[in-house]
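Going by my numbering, the first residue of the sequence shown is number 14, and it counts up by one from there.
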Amino acid sequence: MRRMWDKQFFGSKKLCLNDYVPGLSKLMIPIKKFLGKVLMMLVAVSFAIPSVAQGNSETGLWTSIEVEKKLDERFSVVGETELRFRGNLRKADRWSVAGGVEYKLSEWLKVDAGYKFISSYKAAETKMKDNGVDILKRTASYRDSRHRLYASVVGSLDAARFGFSLRERWEYTRNCAANVDSYDYDENRWETRVKDGKAKHTLRSRLQMEYDIPSCEITPYADVEVYSVKGGTDKLRYTVGADWKMNRKNRFSLFYRYIDEKGDDLNEHIVGVGYNYRF
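Here it is, written out as structure tokens:
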């Protein structure tokens with residue numbers, strides 16, 4: 014049983030499981046200390062990762078703020094903004110804003126849908142292209158804009174204090190056309206070309222497990238997510254983290270995520286911090 018709060022923001026009286034099970038608070042002390050150490054370890058990962066992410070991997074920090082309004086027992090609307098840092102946490106790489114709706118079909122099944130706008134920074138690069146002969150290619154940095162639609166189905170199941178959920182999400186992403194400066198070595202000058210927009214369909218399958226600790230506001234979880242595109246698997250995500258429910262309106266989250274890229278992109282070690290406000 015989780016703690017229940019009265020109607021005040023930091024309610025003056027709390028109904029706890031300890032009221033019914035004497036001595037439970039003493040038992041929870043070492044558990045809470047352990048969870049505190051886990052959170053400290055996750056924070057420490059953000060400082061240790063740069064020395065690990067070498068060669069074919071890089072680091073990142075993801076931050077997000079989410080606002081959720083519950084309209085009735087089944088229907089709610091959600092808004093979110095996110096800022097991501099890459100390149101060993103030295104610069105902002107991407108920002109996005111999103112809005113969506115969620116509907117609870119039953120105790121174990123819900124659906125959602127929404128829209129997201131994404132703006133990403135594409136760094137300058139110089140590389141060799143092999144078209145029979147080696148050709149040196151140099152491209153300046155630019156910003157890439159994307160429009161994304163998504164729809165999901167989430168099924169959940171509780172077993173004792175463990176919670177399991179499976180989410181299947183379809184995404185349609187449209188990259189906008191962009192002006193890109195590239196260097197022409199034959200003419201010894203920069204020239205601007207138009208990079209055509211393109212569309213992409215992705216199916217994201219996520220399996221998650223969490224544990225509900227008695228008389229504790231912190232919920233640890235772990236999940237794995239597969240990105241499937243036409244032609245096979247695009248990437249894999251592995252995540253471990255914890256959600257902290259301060260009260261019925263405010264929540265914080267902290268996680269570590271490893272992203273296994275299947276294409277030319279580098280693998281990533283990510284630390285994420287999020288805040289959620291519900292009203």
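Built from N, CA and C at the ideal position, the CB exists for glycine as well.
(request) Report yes if the C-beta distance between residue 240 and residue 217 is below 7 Å; otherwise report no. (result) By 1-based counting over the sequence shown, the position of residue 240 is 227. By 1-based counting over the sequence shown, the position of residue 217 is 204. Closer than 7 Å, so yes.
(message) Measuring straight from C-alpha to C-alpha, what distance separates residue 289 and residue 69?
(response) The count along the sequence shown starts at 1 and reaches residue 289 at position 276. The count along the sequence shown starts at 1 and reaches residue 69 at position 56. Spanning the two alpha carbons is a distance of roughly 33 Å.
(request) Have a look at 159, 219, 206 and flag the residue whose alpha-carbon is nearest the alpha-carbon of residue 169. (result) Position 156 of the sequence shown holds residue 169. Residue 169 has its Cα closest to that of 219, out of 159, 219, 206.
(message) Tell me the residue span of the beta strand (DSSP E) that contains residue 121.
(response) Along the sequence shown, one-based indexing puts residue 121 at 108. Run containing residue 121: none; DSSP gives neither H nor E here.
(message) Using C-beta distances below 7 Å, list every residue in its chain close to residue 175, excluding the 5 sequence neighbours before and after it, in chain order.
(response) Residue 175 sits at position 162 when you count from the first residue of the sequence shown. Cβ neighbours of residue 175 beyond the five flanking positions: 222, 224.
(message) Using 8 Å for Cβ pairs, my map puts residue 188 next to residue 207. What's the rounded Cβ distance?
(response) Within the sequence shown, numbered from 1, the residue matching residue 188 stands at position 175. Within the sequence shown, numbered from 1, the residue matching residue 207 stands at position 194. Going by Cβ atoms, the distance from residue 188 to residue 207 rounds to 13 Å, so no, they are not a contact pair.
(message) Nearer than 6 Å: is that true of the beta carbon of residue 137 relative to any heavy atom of the ligand MG?
(response) With respect to the ligand MG, the structure shown offers nothing to examine, as it has no ligands at all.
(message) Please identify the residue among 150, 159, 255, 96 whose C-alpha is closest to the C-alpha of residue 214.
(response) For the purposes of this step, residue 214 is identified with residue 201 of the sequence shown, where counting begins at 1. Cα-wise, what sits closest to residue 214 is 159.
(request) Might you give, ordered along the chain, the residues of its own chain that have their beta carbon closer than 8 Å to the beta carbon of residue 279, omitting 5 neighbours on each side? (result) Sequence index remark: in the sequence shown, residue 279 carries index 266 (1-based). Closer than 8 Å at Cβ, skipping near neighbours: 69, 70, 71.
(request) Excluding the 5 residues preceding and the 5 following residue 21 in the sequence, name in chain order all residues of the same chain whose CB lies nearer than 6 Å to its CB. (result) As a first step, residue 21 must be located in the sequence shown, where it is residue number 8. Confidence is the limiting factor: at residue 21 the pLDDT is only 39, short of 50, which leaves the residue's position unreliable, though a coordinate-based value still follows. Taken in chain order, the list of residues that qualify is empty.
(request) Please name the residue in 164, 74, 151, 244 whose C-alpha comes closest to that of residue 97. (result) Position 84 of the sequence shown holds residue 97. With distances taken between Cα atoms, residue 97 lies closest to 74.
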